[in-house]
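What the sequence shown shows, in numbering that gives the first Met the number 0, is residues 0 to 190, in sequence order.
Note that beta-carbon positions come from the ideal geometry of N, C-alpha and C, so glycine has one too.
These numbers come from a predicted model, not from an experiment.
Reviewing the structure listed below.
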Amino acid sequence: MTAFDSTAVSVVVLIGLLAASAFFSSTEIAVFSLSREWLDERVAAQDRRAAVLAELRDDPHRLLVTLLVGNNLVNVAISSILAVLLAERFSGGMAVALTTVVAGSVVLVFGEILPKAYGLGHAESWGLTAARPVRIVERLLLPIVVVFDFVTRRTGTMMGGDPDIEEPYTDTDPKHAGAKERSERPANGRP
0 MTAFDSTAVS
10 VVVLIGLLAA
20 SAFFSSTEIA
30 VFSLSREWLD
40 ERVAAQDRRA
50 AVLAELRDDP
60 HRLLVTLLVG
70 NNLVNVAISS
80 ILAVLLAERF
90 SGGMAVALTT
100 VVAGSVVLVF
110 GEILPKAYGL
120 GHAESWGLTA
130 ARPVRIVERL
140 LLPIVVVFDF
150 VTRRTGTMMG
160 GDPDIEEPYT
170 DTDPKHAGAK
180 ERSERPANGR
190 P
């Protein structure tokens, strides 16, 4: 394989990894912005994708860990491949600086901001579309997900955190009533 072929393959792989990053980011915001009522209605209507999504949402911490592990693995791979490509063309310090700026900028715009805006704007359709692929990713990454799920739950609890922090806030939950009241105040903080 020539240097050009190797570079072309690397660019194609980078584009695929960036698409995977966009998938994880858009799915995270879409899935966690869906109301439980809407999801329950879709399950009651026999929507199989909604049933998978409801199962995933039954353990929001594990779902979040799955999405974040997947996204971080992909983003590290993007930076690593880009570093190798740039190291072939630039000196060490310049390659590191370029990798940081280019990978950071591209991932931020195309792997985070734009996908999250899309996921938020299309939460229902995207959440349903992404449910089965997320289930597959969860199974593929299961050993890693289990470790990070356990470590983050234990660490959070030891630090005094709420073990159910990912549970959606409800109007009837007195534990979150103050947060709801604060969010409804005008920006100047006056009632």
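Check: Ordered along the chain, which non-local residues of its own chain (more than five positions away) have a Cβ less than 6 angstroms from that of G118?
Finding: S25, I28, A29, W125
Next item on the list: Quick one: grab the DSSP three-state call for R88.
Entry: coil
Next item on the list: To the nearest angstrom, report how far apart S104 and A21 are at their CA atoms.
Entry: 14 angstroms
Checklist line | Contiguous alpha helix (DSSP H) assignments of at least 4 residues, all confined to the stretch 0-35 | finding: 2-32
Next item on the list: Assign M192 to one of three DSSP states: helix, strand, or coil.
Entry: Any question about residue 192 goes unanswered here, given that the chain covers just 0 to 190.
Next item on the list: Look at the alpha carbon of P59 and the alpha carbon of R131, and state the distance between them as a whole number of angstroms.
Entry: 16 angstroms
Next item on the list: Measure the Cβ-Cβ separation of V122 and S32 and say whether it is below 7 angstroms.
Entry: Sequence check: residue 122 is Ala here, not Val. Cβ atoms of A122 and S32: closer than 7 angstroms.
Next item on the list: Can you tell me the Cβ-Cβ gap for R56 and L84, rounded? I've got them flagged as a contact below 8 angstroms.
Entry: At roughly 39 angstroms, the Cβ-Cβ gap does not stay under 8 angstroms, so R56 and L84 are not in contact.
Notebook entry, point to check: In terms of alpha-carbon separation, which member of G69, T156, T154 lies closest to F23?
Noted result: G69
Checklist line | Simplified DSSP state of L140, which is helix, strand or coil | finding: coil
Checklist line | Member of L72, R61, A19, D46 whose CA lies at the smallest distance from the CA of R152 | finding: R61
Checklist line | C-beta atoms of A234 and V73 nearer than 7 angstroms | finding: For the chain, the structure presents residues 0 to 190; residue 234 sits outside this window and is missing.
Notebook entry, point to check: In chain order, what residues of the same chain have a beta carbon less than 6 angstroms from the beta carbon of F109, not counting five sequence neighbours either side?
Noted result: L17
Notebook entry, point to check: Do V144 and T65 have their CB atoms nearer than 7 angstroms?
Noted result: yes
Next item on the list: Select from A53, A76, L140 the residue whose C-alpha is nearest the C-alpha of A102.
Entry: A76
Notebook entry, point to check: Taking all protein chains shown into account, do 16 or more other C-beta atoms lie within 10 angstroms of the C-beta of T169, making it buried, or fewer, making it exposed?
Noted result: Because the pLDDT of T169 is 41, which lies under 50, any placement of that residue in the model is unreliable, and the question is left without a value.
Next item on the list: Output yes or no for whether 7 angstroms exceeds the beta carbon distance between V51 and R134.
Entry: yes
Next item on the list: Could you pull out every residue in the same chain whose Cβ sits closer than 8 angstroms to the Cβ of R88, ignoring the five residues on either side in sequence?
Entry: A94
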